[in-house]
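Each number in the working numbering corresponds to the 1-based position in the sequence shown with 4 added. For every residue, glycine included, the Cβ atom is placed at its ideal position computed from N, Cα and C.
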Amino acid sequence: MLNVYLSGEIHTDWRDQIINGAKDLDVTFNSPVTDHAASDDCGVTILGEEPNKYWHDHKGAMINAIRTRKGIEDADVVVVRFGEKYRQWNAAFDAGFAAALGKSLIVLQQPDHDHALKEVDAAALAVARDPSQVVEILRYVLDGSLPA
5 MLNVYLSGEI
15 HTDWRDQIIN
25 GAKDLDVTFN
35 SPVTDHAASD
45 DCGVTILGEE
55 PNKYWHDHKG
65 AMINAIRTRK
75 GIEDADVVVV
85 RFGEKYRQWN
95 AAFDAGFAAA
105 LGKSLIVLQQ
115 PDHDHALKEV
125 DAAALAVARD
135 PSQVVEILRY
145 VLDGSLPA
């Protein structure tokens, strides 16, 4: 069995595509909270309001980091998706953290990000362009089979 952590962009259904595509594989998935409002507001909801936006965001980031660190530390494979629309600084951090821990890293990105992410890509074991390619990597790792 593989434990796979799905990190990065939360605005598209790429996680669902991977999870659905891997239904027949012996894989468990984990990820950050993908409800954007919940992720942004968890700190102030749990620990109390903050009038300063910096501290509002900081509280949320710290609580989210507990989940992220646990998920990456427990993972056999970390998939980090860099979306098209938003800069994903948190995704780059997660990729670096996974690489520092020696985790098998798959980056999922569009070709127009190749130059900006060249250092991140250099730490990855694979750079995929589509969620279906991630599924095929997982399938190959688990049973050695190639796509038909």
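Next on the checklist: The beta strand (DSSP E) that contains Phe33, what's its start and end?
Outcome noted: The residue given as residue 33 occupies position 29 in the sequence shown. Bounds of the beta strand (DSSP E) holding Phe33 are 31-34.
Checklist entry - I think Gln114 touches Arg133, with their Cβ atoms under 8 Å apart; what is that distance to the nearest whole Å? => result Indexing the sequence shown from 1 puts residue 114 at position 110. Indexing the sequence shown from 1 puts residue 133 at position 129. In this structure Gln114 touches Arg133 by the C-beta definition: roughly 7 Å separates them, less than 8 Å.
Item to check | DSSP state of Ala130 mapped onto helix, strand, coil | outcome: Residue numbering aside, residue 130 sits at position 126 when the sequence shown is read from its first letter. Of the three classes helix, strand and coil, the one that applies to Ala130 here is strand, per DSSP.
Next on the checklist: If I follow the unbroken alpha helix (DSSP H) through Val37, where does it start and stop?
Outcome noted: Here residue 37 is taken as the residue at index 33 of the sequence shown, counted from 1. Here Val37 belongs to no alpha helix (DSSP H), and DSSP marks it neither H nor E.
Item to check | Neighbour-count burial assignment, Arg19, 16 or more Cβ in a 10 Å radius | outcome: Against the sequence shown, residue 19 aligns to sequence position 15. Flag for Arg19 reads buried.
Checklist entry - Under a Cβ-count criterion, where at least 16 other Cβ atoms within 10 Å of its own Cβ denotes burial, should Lys89 be classed as buried or exposed? => result Your numbering for residue 89 matches position 85 in the sequence shown. Lys89 comes out exposed.
Next on the checklist: Three or more C-beta pairs under 8 Å: does that hold for the segment 28-47 against the segment 60-80?
Outcome noted: yes
Checklist entry - So the alpha helix (DSSP H) Gly52 belongs to, where does it begin and stop? => result Along the sequence shown, one-based indexing puts residue 52 at 48. Neither: Gly52 is in no alpha helix (DSSP H) and is coded neither H nor E.
Checklist entry - Are the CB atoms of Val111 and Asp98 nearer to each other than 7 Å? => result For this step, residue 111 is matched to residue 107 along the sequence shown. For this step, residue 98 is matched to residue 94 along the sequence shown. Contact flag unset, no.
Checklist entry - Thinking C-alpha only, which one of Ile22, Ser11, Thr16, Ala26 is nearest Asp147? => result Taking the first residue of the sequence shown as position 1, residue 147 is located at position 143. The candidate whose alpha carbon is nearest that of Asp147 is Ala26.
Checklist entry - Is the CB-CB distance between Ile76 and Phe101 below 7 Å? => result Indexing the sequence shown from 1 puts residue 76 at position 72. Indexing the sequence shown from 1 puts residue 101 at position 97. Yes, the pair counts as a contact, with Cβ atoms nearer than the cut-off.
Next on the checklist: Out of Ala128, Ile23, Gln21, Ser43, which one is the CA nearest neighbour of Lys107?
Outcome noted: Stepping through the sequence shown from its first residue, residue 107 is reached at position 103. Here the closest residue by C-alpha is Ala128.
Checklist entry - Where does the unbroken beta strand (DSSP E) through Asn7 begin, and where does it stop? => result Translated into the one-based positions of the sequence shown, residue 7 becomes position 3. Element bounds for Asn7: 6-12.
Next on the checklist: Considering just the uninterrupted stretch of the alpha helix (DSSP H) at Leu121, what are its terminal residues?
Outcome noted: One-based indexing of the sequence shown puts residue 121 at position 117. Per DSSP, Leu121 is not a residue of any alpha helix (DSSP H), being assigned neither H nor E.
Item to check | C-alpha gap between Gly52 and Leu10, whole angstroms | outcome: By 1-based counting over the sequence shown, the position of residue 52 is 48. By 1-based counting over the sequence shown, the position of residue 10 is 6. If you take the alpha carbons of Gly52 and Leu10, they lie about 29 Å apart.
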